[in-house]
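Input: a single structure, listed below in structure tokens.
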Amino acid sequence: MLRSILRIINRDGYISRSQLAKELNILQDIVDEGIMQLLRRGYLLEENTGEGCATFCVKCPFAKNCSKEIVKTFKISAKGERYLKNR
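Numbering (this note's numbering), first residue to last: 63 to 149.
Given below as structure tokens:
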């Protein structure tokens, strides 16, 4: 399941937790736990939109809200990319 979450994030770039749950046919709580495990293992990195955000606004679905609200996003780390290539 962790690899599936990572692959979908890699494929789509941005996807909500609810969409991940729907696509994988699992509860959102399980997706949340999977994301936490991927963060702990270093396969995902957590980002907050706003000042210092490394995400390009053109590709960011949260760009309209960026100045109003900090949105937590995740991106695949170099370790996560290597994991996907080797599996």
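Beta carbons: idealized from backbone N, C-alpha and C, even for Gly. Here the structure is a predicted model, which is why all the values come from computation and not from measurement.
(request) Would you mind giving the Cβ-Cβ distance between Gln90 and Leu64, rounded to the nearest angstrom? I have them listed as a contact below 8 Å. (result) About 16 Å separates the two Cβ atoms, so there is no contact after all.
(request) Starting from Ile138, follow the alpha helix (DSSP H) in both directions and report where the run begins and ends. (result) Segment 134 to 138 is the beta strand (DSSP E) holding Ile138; no alpha helix (DSSP H) there.
(message) Rounding to the nearest angstrom, what Cα-Cα distance links Arg79 and Arg144 in this structure?
(response) 23 Å
(request) Could you check what DSSP says for Leu68 in three-state terms: helix, strand or coil? (result) helix
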